[in-house]
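What follows is one structure encoded as structure tokens, with my remarks underneath.
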Amino acid sequence: MWRRPFPWFIAAAALVYALYPYLADDVGLRESLLLAAVYIILASNLNLMIGYAGYVNFGNIVFFGLGGYICLYLVTALHWNVIPAALVGGVAVSSLALLFGLGILRLRGAFFALATIGVNQAIQQLVVNFEPWGGATGIYLSLESYGSLGGPMQALWITYLMVVGVTAGSLLASYAIRNSKFGLGLLAIGQNEDAAAVLGVPTPLYKAMVYSASAFLPAVAGGLYFFKSGIIEPTSAFNLQTSIEAIVMVMLGGSGTILGPALGAFLYEELRGFLLTAESFSQFQLVIAGALLLLIVQFVPGGLLGFVHQRWPRTRRWLE
Amino acid sequence: MIGILASVIDGILIGAVYGLAAMGLTLIWGVMNVINLAHGAIVVIGMFALYLIAHSLGLHPYGAVPLMIVFGFVVGIALYWIGVHRMIGRSELMSLLSTFALNMVLIGLGTAWWTTSPYNVQVSMPALSWRGYTFTGTHITAAVLAVVIAGLLYLLLYHTRIGKAVRAVATNREAAELCGIPTTQVLAMAFGLGVALAGVSGTLIATMFPFTVLSGEAYQLKSFVVTVLGGLGNPAGALMGGIALGLIEGLATPFMPVSWIPIVEFGLFVFCLIAFPRGIFSFSKA
Amino acid sequence: MRKAAYLLAASVLFAAVPAFAQEAITIGFTASQTGALNNDSTAQMRGIELWRDDVNAKGGIKAGGKSYTVKLVSYDDESQNTRVQQLYTRLITQDKAQFLISPYSSGLVATAAIISEQYGKVMITTGGALEKTYRLGNKSLFQLYTGGNQYLAGALQALKEKNPKPQIAFIYEDDPFSKAVVAAVREMAKKDGDAVVTDESYAGSTTDFSPVINKMISAKADALLGGGHYADGATLARQLHEQKAGVKWVTLLVAPDSPKFAELGDAAVGISVPSQWEPEAAYKPDFGPTVAEFTKEFTDKYKIGPAYHAAGGYAAGLILQHAIEKAGSIDQAKVAAELNAMDVTTFFGRTKFSNDPKEHGLQIAHEMVLAQWQKKNGKLVKEVIWPKEAKTADPLY
């Protein structure tokens, strides 16, 4: 994989993304880039399900939220360092996903999508009633937890760098999967699952694997993000709206491509940040996103990147 | 015990309204294989319609009900042409995304206009008291109206030509087209009908409880649960499924903390999806 | 007295030098202008804005020989945690706010506190009674409200006077504040051996309380303590009335204190609320307006009486101003030191912050009263019914 130019391009971009706010000492920029990075992680991992395997995971935010809860619980109750805590969160959530996946991946199409919503809501309600995780109040980080990273200011920078690392990891993983036998099988499933099965693709195994794989990095990112926020509670951790915004980002940028979801996520987050303080239009990004999604789904299902590929076919080679 | 009975009765009353809401969803799903993710937004439109009609026009709140049916029908047809028409026949996912996009636009506009602050319409109706428990007049009236409207829908579907056309298109679109039925228009009307049902259920809900622009989402999720319980495309099943859900809520409440009930609901939902994809109440072909 | 004279002399001096350079102090906060918390948060914001108008009319905050105009930067947090986080970060990093006031409601205060502490900015919290926030190792938080654990203590005592053996129902919102308040009073009831027949929490977005009210009726409760914030509290009160729940004593948190609660009409009669401040309070301030002056000014400007949320907002600005003026500078450390050392009485009551690092900033001197809606000459009015020294009417039972 490293013999091709694309992965190097990603690594270089990630380096710039990580270091620029640091060198410019611009905390405000870091904050908005961090949010954009989190969305890129959500979108590109979701893309594995939507773009490759053709299964729309409406409840994808459940990975993010659960990963966050596990990480914060380990940090506050068991006094772990955040890095192993986030990783353990990732492993735990993707294992759980494997288990759940075996059940709900038997459903097709819309039924699967609805089932993922049900899973998200059920887990949210379970957490609300689960006292060791703070119930409806959630978990609050005490400031000493930042001590292990050298105090709050430094901890915020380190967390930012790690999140960018996870972002790069997501994009590289997308690329690696795409160019592997596993990825080929997934794309076959996405086109016609029954035909793929007949041709020898181990569909139940591959589906469970991709569902689990698409859970790992978002869970790790969740741990890092909520650590930085210092607080996690059920409403914002399992927010269905964010989950669906991730789908919009994937469709906006071009599902099935690698840069597409990243581009969609970045643009969407910029729009949101811009509207954040606009009075009476603060939720307007929803209207614009909705209108965009409507247009894309009806006229340009390939999203931004799909449109670019159609118009300028040469770009297909290097702009994946 | 009486407490449990009172809880169950109250649950059934509200369940009838859940059923009405779900009927719109299941009708659209059954006729054109489209899962209307704008369902919640339309329930909200129904709620705010009550507010506007009661406050601005000064009409009696229940006068809003027939108005909402007509208005919902018109809005539904408009939404069909804007977002749904091109999605018919494509994969279910595309119509999911398309209706979801409509939902975002509607909720976004609603938030910009009304913000997410709570609204309330006071409706006073005589209540029924029994052994210390009171069933509020609004709950009873809403349940009665829900059943009446369901009955009207039945009459429409089974005793009018339009209803026959809708059922024909639902069964086999090509055959219906060959019979000379203008299927596209029928689809638009069916969508309008589904939206009208969803909207009027919102109006009824608003007579009972306060609401915000975001209230629709909870009812949309409940509608999904009910639809799955009652079977896709089966409006009678939806009404029964709604009452069943209300019954489950009413039965469970005295025995467990109220905050556990949603877990029961969503657990049931996922279970039914996996085990009974055709619904528990569906009597049609498996 | 001396302080007032000094301020008067200083302001005369400064007023006489009109060409003096006017710098600005930027104070940042968010308010829930929309969303479920909008009713009381808007009241709090109005209190803060009224303070700003008063201060600037008198020439601004005077510190270290300079005069600072107060500039408020505020955003709508829509009653949401995630927005509070993003907006406070923005207030600090982009708007360069020098001091912060908290949002309204304990949950949002806790979220904002994390940001203010991460960046080391002084924040005066008002509208948030949750005590846990101050036990997480903060250095720059200062709480104006009496802690949540005290909220229902007075209500329980007043109830026991009317009914020594109550059948108590706890029905409360599932959020940090209400849960903590009820946990505290539950302990007290347990210690006294009182019967708790219902104990249910509900999600903040609940609009249908009939299941839980039915449960309470089944359990034959005659006293209800609980509630949460305005939206759910008002709905609960209304549905209690509609369902003829027959409960003799109802104390709900927060909601009944707002003047808007009177719109419930008969449903409001008899409902009591723990209050941080009432217009009938008899505090004698060391500085700033008196109770009567504040009440009149607020009512004149906004055409509606002030509840404790508005008073808290005004007091937050007032206390911050006092600290800056005493410190003689706008340096964070100096102002924080003044706040730590403060023990004053304003129209809002007595204010003193804990210096114990384990619970820094916790309010330790402010006291609460219990107010109740009663019908006087056919009109709904709020009377103070507890403690006995402060009461203006007898409790209705």
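Protein chains in written order, with the working numbering: chain V, 80 to 399; chain C, -18 to 267; chain B, -7 to 389. By construction, the Cβ of each residue, glycine as well, lies at the ideal position given by its N, Cα and C atoms.
For residue i, the nearest candidate out of the options (CA to CA)
i      : options                           : result
Y80/B  : V47/B, M115/B, K207/B and G52/B   : M115/B
G251/B : L133/B, A104/B and Q364/B         : Sequence inspection shows Pro at residue 251/B; the Gly mentioned does not correspond to that position. Cα-wise, what sits closest to P251/B is Q364/B.
F190/V : M232/V, G302/V, F137/V and Y152/V : F137/V
K182/B : F169/B, S24/B and F162/B          : F162/B
D87/B  : P379/B, Q72/B, T18/B and L354/B   : T18/B
W62/C  : V46/C, L48/C, E73/C and S79/C     : S79/C
E15/B  : K54/B, L144/B, A308/B and K326/B  : K54/B
Y254/V : I337/V, F305/V and Y304/V         : I337/V
Under 8 Å between C-beta atoms of residue i and residue j
i      : j      : result
I268/V : A368/V : no
L299/V : G146/V : Note that residue 299/V is Val in the sequence shown here, rather than Leu. Yes, Cβ-Cβ distance for V299/V and G146/V is below 8 Å.
A223/B : P243/C : no
V239/B : L216/B : yes
F345/B : G280/B : no
L244/B : G225/B : yes
L312/B : F91/B  : yes
L178/C : L1/C   : yes
K207/B : T117/C : no
A93/V  : E348/V : no
G214/C : G11/C  : yes
V25/C  : G91/C  : yes
L254/C : V209/C : yes
A195/B : D214/B : no
K383/B : I377/B : yes
R154/C : L138/C : no
I196/V : L319/V : yes
N17/C  : E73/C  : no
Y126/B : L331/B : no
Helix, strand or coil at residue i [DSSP, three-state]
i      : result
A89/B  : coil
W397/V : coil
R67/C  : helix
D335/B : strand
A28/B  : coil
L157/V : coil
E165/B : strand
G203/C : The residue asked about is misnamed: residue 203/C is Lys in this sequence, not Gly. Note: K203/C maps to helix in three-state DSSP.
G341/B : strand
T190/B : strand
Y111/B : coil
F137/V : coil
S235/B : One point to set straight first is that residue 235/B is Gln, not Ser, in the sequence displayed. Note: Q235/B maps to coil in three-state DSSP.
S400/V : The structure shown does not extend to residue 400/V, since chain V is modelled only from 80 to 399, so the question has no answer here.
A11/B  : Because A11/B sits at a pLDDT of 45, beneath the cut-off of 50, its placement in the model cannot be relied upon, and the point is left open.
A91/V  : helix
P84/V  : helix
F264/C : Bear in mind that the predicted position of F264/C carries a pLDDT of just 48, short of 50, making it unreliable; the figure below should be weighed with that in mind. Coil.
I34/C  : helix
V204/B : helix
Q204/V : helix
Distance between beta carbons of residue j and residue i, contact taken as under 8 Å
i       : j      : result
I149/V  : V172/V : 7 Å
A172/B  : K124/B : 7 Å
G219/B  : L362/B : Contact doesn't hold; Cβ gap of about 14 Å is too wide.
G180/C  : G53/C  : 3 Å
I(-7)/C : I143/C : That pair is no contact at about 31 Å.
A294/V  : F142/V : 4 Å
The stretch 262 to 273 of chain B in contact with the stretch 299 to 308 of chain B per 3-pair CB rule at 8 Å: yes
Cβ contact (3+ pairs, closer than 8 Å) linking the stretch 273 to 292 of chain V and the stretch 104 to 118 of chain V: no
The stretch 249 to 258 of chain V touching the stretch 114 to 128 of chain V, judged by at least three CB pairs closer than 8 Å: Contact between the stretch 249 to 258 of chain V and the stretch 114 to 128 of chain V is present, because at least three Cβ pairs lie under 8 Å.
Stretch-stretch touch, CB-based, cutoff 8 Å, three pairs: the stretch 188 to 197 of chain C with the stretch 90 to 108 of chain C: yes
At least 3 beta-carbon pairs within less than 8 Å: the stretch 34 to 45 of chain C vs the stretch 159 to 178 of chain C: no
Three CB pairs or more closer than 8 Å across the stretch 289 to 297 of chain B and the stretch 29 to 43 of chain B: yes
At least 3 beta-carbon pairs within less than 8 Å: the stretch 93 to 101 of chain B vs the stretch 55 to 63 of chain B: no
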